[in-house]
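Visitor:
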Amino acid sequence: MTGSSSSTSASTEDGPANPQRRDILTLVTSATVIVGACGVAWPFLDSLIPPENAAAHAPVDVDLSALAPGQQIVVVWRANPIFITRRTPESLERLKSPGLQAKLRDPESKILQQPPYAVNWHRSLVPDYGLLVGVCTHLGCVPTYGSGNADPGQRGYACPCHGSKFDLAGRVFAGVPAPYNLPVPPHRMLSATRVRIGESPAGQSFDFDSIVQI
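Quick note: the sequence shown uses the UniProt record's numbering, first residue 1, plus one each step.
#1: By alpha-carbon positions, which one of Arg105, Ser124, Pro107 ends up nearest to Gln114?
#2: Below 8 angstroms CB to CB, which residues in the same chain sit around Val184 once its five sequence neighbours on both sides are set aside?
#3: If we call anything under 9 angstroms between Cβ atoms a contact, is Leu139 one with Pro81?
#4: Shortest alpha-carbon distance to Ala192 belongs to which of Gln72, Ala58, Leu67, Gln101?
#5: Could you tell me whether the Cβ atoms of Pro186 and Phe206 are closer together than 9 angstroms?
#6: Straight-line CA distance for Gly70 to Gly203?
#7: Going by C-alpha to C-alpha distance, which of Leu168, Pro59, Cys141 sits closest to Leu100?
#8: Kindly indicate which three-state DSSP category Gln101 falls into: helix, strand or coil?
#9: Would you mind working out which of Arg194, Asp61, Pro59 sits nearest Asp128, comparing C-alpha positions?
#10: Cα separation between Ile214 and Trp121?
#11: Among Val172, Ile211, Val60, which one has its Cα closest to the Cα of Ile84?
#12: Might you give, ordered along the chain, the residues of its own chain that have their beta carbon closer than 7 angstroms to the beta carbon of Gln72, omitting 5 neighbours on each side?
#13: The beta strand (DSSP E) with residue 241 in it runs from where to where?
#14: Distance check for Val76 and Val135, CA to CA, integer angstroms please.
#15: Pick from Val142, Gln154, Arg188, Leu182: whose alpha carbon is nearest that of Ile211?
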């Protein structure tokens with residue numbers, strides 16, 4: 001009787017007769033494994049979260065189909081106002097005129113204020129559409145679009161703060177406080193009437209942070 005009782009006691013403490021204890025040990029072991037796995041996985045998952053400024057630096061697509069000649073729209077890219085104008089044939093002819101270029105501080109865009117593919121008389125990919133960062137290169141005010149610039153009879157930009165003036169291609173006139181042309185953002189045409197700001201054409205590259213001043 002005593003041997004039988006002893007055998008039963010051992011079975012109750014360590015054997016299958018005590019499943020509750022074994023379940024507890026299993027749960028503790030599983031929890032330890034899960035916590036350890038989470039500790040390894042969290043840095044990996046955290047690396048997949050985009051940085052806070054990723055959205056702000058993302059390209060912006062703009063439909064230009066409703067933009068009439070002579071009109072301008074303003075969109076935001078990288079927290080900057082981007083002026084998009086559709087230039088008239090008359091204004092394009094004026095941008096090429098020697099008389100206007102003689103009044104400009106940097107008519108050939110020699111100072112790095114634009115991508116290489118915008119180093120031309122219209123400072124854009126397509127002459128009809130101008131894209132400019134609407135921040136005066138003097139002290140950062142936002143220029144206004146319209147008449148009243150340094151080229152009588154032509155639209156352009158005038159800074160309301162200190163009187164700097166720019167032509168319709170964003171080129172600064174001589175004798176004003178602003179030292180540089182308005183920056184041109186990287187951009188590419190997705191179609192004849194759709195532009196993507198913040199992305200260069202295929203085979204081209206441009207670091208916007210490399211411009212001289214904004």
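Think of the CB as a built atom: it goes at the ideal place given N, C-alpha and C, for glycine as much as any other residue.
Guide: Looking at the coordinates:
#1: Residue nearest to Gln114 within the set Arg105, Ser124, Pro107 is Ser124 (criterion: CA-CA distance).
#2: Gln113, Gln114, Pro115, Ala118, Arg123, Ser124, Leu131, Leu132, Val133, Gly170
#3: no
#4: Selected option, being the one with the closest Cα: Leu67.
#5: yes
#6: In this structure, the straight-line span from the alpha carbon of Gly70 to that of Gly203 is close to 31 angstroms.
#7: Taking the Cα of Leu100 as reference, the smallest distance to any Cα among Leu168, Pro59, Cys141 is reached at Leu168.
#8: helix
#9: Arg194
#10: 21 angstroms
#11: It is Val60.
#12: Phe83, Ile84, Thr85, Tyr145
#13: One cannot answer for residue 241 here, as it falls past the ends of the chain, which runs 1 to 214.
#14: 12 angstroms
#15: Leu182
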